[in-house]
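Counting the sequence shown from 1 gives a position; this note's numbering is that position plus 65. Even glycine gets a Cβ: it sits at the ideal position worked out from N, Cα and C. What you are looking at is a predicted structure, and each value in this text was computed from that prediction instead of being measured.
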Amino acid sequence: MNSELRIGIAGTGAIGRTHIDRINNKLKGGSVVACTDANPDFGKQMGEKLGLAFFADGEALVASGKVDALIVTAADDDHEKFVMAAVKAGMPVFCEKPLAPTAEACKRIIDAETKGGKRLVQVGFMRRYDPGYRQLKKLVDSGEFGAPLMIHSAHRNFEVGENYTTPMAITNTLIHEIDTLRWLIGEDYASVEMAFPRCTKYTHKDLLDPQIMILTSKSGVRMDIECHVNNHVGYDIHCEVCCEEGYLNLPDLSAVQRLVNASRVQPICRDWSERFVDAYNTEIQEWIDSTLAGRVDGPNSWDGYVACITSDAAHKSREEKKAIAIDLPDAPAFYTEAR
Ligand code: ISE
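Below you can see the structure in the form of structure tokens.
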């Protein structure tokens, strides 16, 4: 491996371009030098604009000899094909969440990675790198507040595109909470249930909004998560961990309070790129560092798979209108041993 990581990016949409910018202009140890996109015309245009070599598909990019590692920021349905191209070539790959839209697809990735004999895949669960969530986890883990009993969370967006539909609230948005809460309490889930309040007037016929997910861990910690993606207010993330000896609340990003027009105004973020900028920077920097050192330190394919077993069960709960038990296999040693 070179001393500087040469990175290819598969998916030149919004999140892809924020990663290109952070890697090429802010972070150390790597640079994005090439790209591909499921939409070749768009990818080519972006490649020219950003000064990146363009390749027609993931296999050609990976085989080009121009990159040491791949970042996948394509649409969720295209994650699997790009991750597979890297895994089959033995190349380290960072894939934005979800690893794939279904557990079945994640399992194919796990089988290919295991067959190759080396852990290569990191999944972009960036909440684990957010300073606020890291503080929260440290306090939960300290044991000072006793056992966690309940968690109340909310994931609110100002608005989402017209192509965002009911299942995407789980696969594209709540997937963050599914991974974060499992990591926060260090426990797997036993069941999931979806509930549907009255819909907001700001939604459309293919999107039930808001939705509530109720997760129960194996030891009985009960977690409710509101997902409201067309709130027309702002990007608002909550997490309150109710423990035996106290309540732990996720801090908001600091913002100066304004006193105007006989009101106190506390600004909040407009979207994820603002709210989680520090988390993304730390996540990608740590991925570059560990990749150069030949390791995968962050959330791996097993975490991506477990999250999708949970999201598949959540879809089933919506369809069958009942709580669904989650039956998780034990993680194989390939994913638990230090490597
Ligand atoms: C988006 O893909 C994200 O990852 C955001 O964090 C989330 O808030 C949004 O709902 C998703 O569509």
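task: Measure the Cβ-Cβ separation of Gly73 and Val132 and say whether it is below 7 Å.
output: In the sequence shown, the residue the question calls residue 73 occupies position 8. In the sequence shown, the residue the question calls residue 132 occupies position 67. Their beta carbons are under 7 Å apart, which means Gly73 touches Val132 by this criterion.
message: Less than 8 Å between C-beta atoms, sequence neighbours within five positions excluded: which residues of the same chain meet that for Gly108?
response: For the purposes of this step, residue 108 is taken as residue 43 along the sequence shown, with counting starting at 1. Thr77, Cys100, Thr101, Asp102, Phe119.
query: Around the C-beta of Glu227, are 16 or more other C-beta atoms found within 10 angstroms, so that it is buried, or is it exposed?
result: Position 162 of the sequence shown, counting from 1, holds the residue named residue 227. In this structure Glu227 is exposed. Its beta-carbon is surrounded by fewer than 16 other beta-carbon atoms within 10 angstroms.
- prompt: Can you tell me the Cα-Cα spacing of Ser366 and Val325, whole angstroms?
  reply: On the sequence shown, residue 366 is found 301 positions in, with the first residue counted as 1. On the sequence shown, residue 325 is found 260 positions in, with the first residue counted as 1. Looking at the two C-alpha atoms, the distance is approximately 49 Å.
message: On the CB-based measure, 16 or more other CB atoms within 10 Å of its CB, does Thr138 come out buried or exposed?
response: Here residue 138 refers to the residue found at position 73 when the sequence shown is read from its first residue. Flag for Thr138 reads buried.
- prompt: Which runs of the beta strand (DSSP E) spanning at least 3 residues fall entirely within the segment 270-321, listed in chain order?
  reply: With a minimum length of 3 residues, the continuous beta strand (DSSP E) runs that stay inside the segment 270-321 are 276-282, 287-293, 301-308, 311-314.
field: Alpha carbon of Phe159 to alpha carbon of Arg329, nearest angstrom
entry: Counting from one through the sequence shown, the residue named residue 159 turns up at place 94. Counting from one through the sequence shown, the residue named residue 329 turns up at place 264. Their Cα atoms are separated by approximately 42 Å.
message: For Glu339, report the span of its alpha helix (DSSP H) as first-last.
response: Translated into positions along the sequence shown, residue 339 becomes position 274. Residues 337-340.
task: Verify whether the separation of the beta carbon atoms of Pro97 and Asn89 is less than 7 Å.
output: As a position in the sequence shown, residue 97 is number 32, starting the count at 1. As a position in the sequence shown, residue 89 is number 24, starting the count at 1. For the sequence presented, residue 97 should be read as Val rather than Pro. Yes. Within cutoff.
- prompt: Can you tell which of Ala344, Tyr400, Ser376 has its C-alpha closest to the C-alpha of Arg87?
  reply: Translated into the one-based positions of the sequence shown, residue 87 becomes position 22. Of the listed residues, the one whose Cα sits closest to Arg87 is Ala344.
- prompt: Which residues share a DSSP beta bridge with Thr231?
  reply: To locate residue 231, count along the sequence shown from 1; it is residue 166. Answer is none; Thr231 lacks a bridge partner.
field: Around ligand 1, Cβ to any heavy atom closer than 5 Å, ordered along the chain
entry: Asn222, Asn237, Thr238, Trp337
query: Candidates Glu384, Lys387, Ala379, Ala372: which alpha carbon is nearest Lys172's?
result: Position 107 of the sequence shown holds residue 172. The shortest C-alpha separation from Lys172 is found at Ala372.
- request: Identify whether Ala75 lies in helix, strand or coil by the three-state DSSP scheme.
  value: Residue numbering aside, residue 75 sits at position 10 when the sequence shown is read from its first letter. Strand at Ala75.
- prompt: Which same chain residues, not among the five before or five after Asp354, have their C-beta less than 7 Å away from its C-beta?
  reply: Residue numbering aside, residue 354 sits at position 289 when the sequence shown is read from its first letter. Closer than 7 Å at Cβ, skipping near neighbours: Gly94.
message: Pull the bridge partners of Met259 from the DSSP assignment, please.
response: If you number the sequence shown from 1, residue 259 lands on position 194. Answer is Met278, bridged to Met259.
message: What ranges does the alpha helix (DSSP H) occupy inside the segment 164-222, keeping only unbroken runs of at least 4 residues that lie completely in it?
response: 168-181, 196-207
Of the listed residues Lys153, Glu291, Gly112, Ile279, nearest to Glu124 (C-alpha basis): Position 59 of the sequence shown, counted from the first residue, corresponds to residue 124. When each option's Cα is compared against that of Glu124, the closest is Lys153.
- prompt: Per the contact definition of three or more C-beta pairs closer than 8 Å, is the segment 210-225 in contact with the segment 181-190?
  reply: no
message: Restricting to Cα atoms, I'd like to know which of Leu70, Ile374, Ala390 is closest to Ala396.
response: Position 331 of the sequence shown, counted from the first residue, corresponds to residue 396. If we check each option's Cα against that of Ala396, Ile374 comes out closest.
- request: Would you kindly check if the distance between the Cβ of Glu348 and the Cβ of Met215 is under 7 Å?
  value: In the sequence shown, residue 215 corresponds to position 150, counting from 1. In the sequence shown, residue 348 corresponds to position 283, counting from 1. Taking 7 Å as the Cβ cut-off, Met215 and Glu348 do not qualify as a contacting pair.
Asn346, DSSP secondary structure in three states: Reading the sequence shown from its first residue, position 281 is the one you call residue 346. It is helical.
query: Quick one: what does DSSP say Phe120 is sitting in, helix, strand or coil?
result: Numbered from 1 along the sequence shown, position 55 holds the residue referred to as residue 120. Coil, per DSSP.
- prompt: Tell me, which residues are paired with Gly95 by DSSP?
  reply: Translated into positions along the sequence shown, residue 95 becomes position 30. Residue pairing by DSSP puts Gly95 in a beta bridge opposite Leu70.
- prompt: So the beta strand (DSSP E) Glu161 belongs to, where does it begin and stop?
  reply: The count along the sequence shown starts at 1 and reaches residue 161 at position 96. From DSSP, the beta strand (DSSP E) with Glu161 extends over 158-161.
- prompt: How long is the line joining the alpha carbons of Trp248 and Lys203, rounded to whole angstroms?
  reply: Working through the sequence shown from its first residue, we reach residue 248 at position 183. Working through the sequence shown from its first residue, we reach residue 203 at position 138. If you take the alpha carbons of Trp248 and Lys203, they lie about 11 Å apart.
message: Output needed for Ala121: all residues of its chain with C-beta closer than 8 Å, excluding positions within five of it in sequence on either side, in chain order.
response: Residue numbering aside, residue 121 sits at position 56 when the sequence shown is read from its first letter. Cβ within range, chain order: Thr101, Pro105.
message: I'd like to check one pair, Asp253 with Lys283: are the Cβ atoms closer than 7 Å?
response: Sequence index remark: in the sequence shown, residue 283 carries index 218 (1-based). Sequence index remark: in the sequence shown, residue 253 carries index 188 (1-based). Yes, Cβ-Cβ distance for Lys283 and Asp253 is below 7 Å.
- request: Tell me, please, whether the segment 295-309 touches the segment 333-342 by the rule of three or more beta-carbon pairs shorter than 8 Å.
  value: yes
task: Give the single residue among His144, Arg82, Ala140, Val148 whose Cα lies nearest to the Cα of Leu117.
output: The sequence position of residue 117 within the sequence shown is 52, counting from 1. Comparing Cα positions, the closest option is Arg82.
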